[in-house]
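For reference, the structure discussed in these notes is given below.
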Amino acid sequence: MKNIDFNSILITGASKGLGSNFAKVLAKDGFRIIGVGRSEDDLNKVISELPNSQLDHDYLVLDITDENQVQEKLKNIEIYGLINNAGIANTKLLHEETYEDINQIVNTNLIGSLNISRAVIPTMIQNKCGRIINIASALGHRPLSYVGAYAATKAALIQVTKSQSIELARYNICVNAIAPGYIITDINRHQLEGEAGEMLKKKIPLRRFADINELDLLISMLLNKKNSYMTGSIISIDGGLSAGL
Ligand code: NAD
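The sequence shown begins at 874 in the numbering used here and counts up by one.
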């Protein structure tokens, strides 16, 4: 892996869903992508098909919950932007979650994102330049039944975003979060493609789930170098879900 410059974006969970789409959009914008995930085959496929291949896009196979692995694999990485996108969810009443379930969700969505941020922030501080985008969720603002553990981790990620925006502003590192509503991907397909999905649509003012491409403009804008005064913002793209009762 070559050391890099101020044009690289590291995206966790890049092998599918929102992460692979962010990779495509940002590669098209002219950024060099470093995809992070657990499956080499899936990552290789996504990264090898990205536009602007002359930028030397690359990938790192790692589990974001493994702090030692993260520190080791990211120690020589110099990046302009990080998207903490990898995440997992389950559907259980909170009091019926096992500790194993809860540990897994917290370790991925919260601790995993912190592991990656902690590994890249020292170099961003030295460079006095960086952008971190945390992928939170509308559920981090307004939970629903059966996704309480997930919602709690996303609420925590929103507070991490705000705290780090304050702590890192002096180093010219901007930290923002996106709080998406519902987009059908592997994380929720089982839930959204059935009757529960139809009921959920009725709670959304726009009465539909988002198309994955409806996040494209925002991710481009957050990483655009001209967008230099936005930090500590939690931006909702949720069809109005979090706007009111
Ligand atoms: P997805 O299941 O398609 O993708 C999640 C990715 O994260 C996968 O590539 C998975 O392998 C990776 N991942 C999970 N655990 C990992 C680990 N320990 N180490 C490395 N990679 C790991 O889901 P998605 O919908 O693309 O979700 C992406 C992010 O967007 C998640 O944080 C999710 O919570 C958030 N989000 C999704 C929606 C939605 O409706 N799809 C809504 C709000 C927020």
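Heads up, the beta-carbon is just placed ideally off N, CA and C, and yes, glycines get one too. On a predicted model such as this, the values are computed, not experimentally measured, just so you know.
Item	Value
Could you have a look at Ala1083 and say whether DSSP puts it in helix, strand or coil?	strand
Looking at the ligand NAD, does it come within less than 6 angstroms of Lys889, judged from the CB to the closest heavy atom?	yes
Using the C-alpha atoms, what's the distance from Val1048 back to Asn876?	Its pLDDT being 44, under 50, Asn876 is placed unreliably by the model, and nothing is read from it.
Once you ignore the five residues that flank Ser831 on each side, which residues in its own chain have a CB closer than 6 angstroms to its CB?	This structure cannot settle anything about residue 831, because the visible part of the chain is limited to 874 through 1118.
Which whole runs of the alpha helix (DSSP H) in the segment 966 to 998 are 4 residues long or more, in chain order?	972 to 978
Do the segment 917 to 928 and the segment 898 to 905 make contact, defined as three or more Cβ pairs closer than 8 angstroms?	yes
Counting C-beta neighbours from all protein chains within 10 Å, is the total for Leu1118 16 or more, i.e. buried, or is it exposed?	exposed
Do you know whose CA, among Ser990, Gly960 and Ala1083, lies nearest Asn976's CA?	Gly960
According to DSSP, is Ile931 helix, strand or coil?	Looking at the sequence itself, residue 931 is Asp, so the reference to Ile does not match. Strand.
Classify Ser1018 as buried or exposed, calling it buried when 16 or more other Cβ atoms lie within 10 Å of its own Cβ.	exposed
What separation, rounded to the nearest whole angstrom, lies between the Cα atoms of Leu891 and Arg1043?	30 angstroms
Report, in whole angstroms, the separation of the C-beta atoms of Ala1022 and Leu967, which I expect to be a contact under 8 angstroms.	6 angstroms
Please determine whether the Cβ atom of Asp1059 lies at a distance below 6 angstroms from any heavy atom of the ligand NAD.	yes
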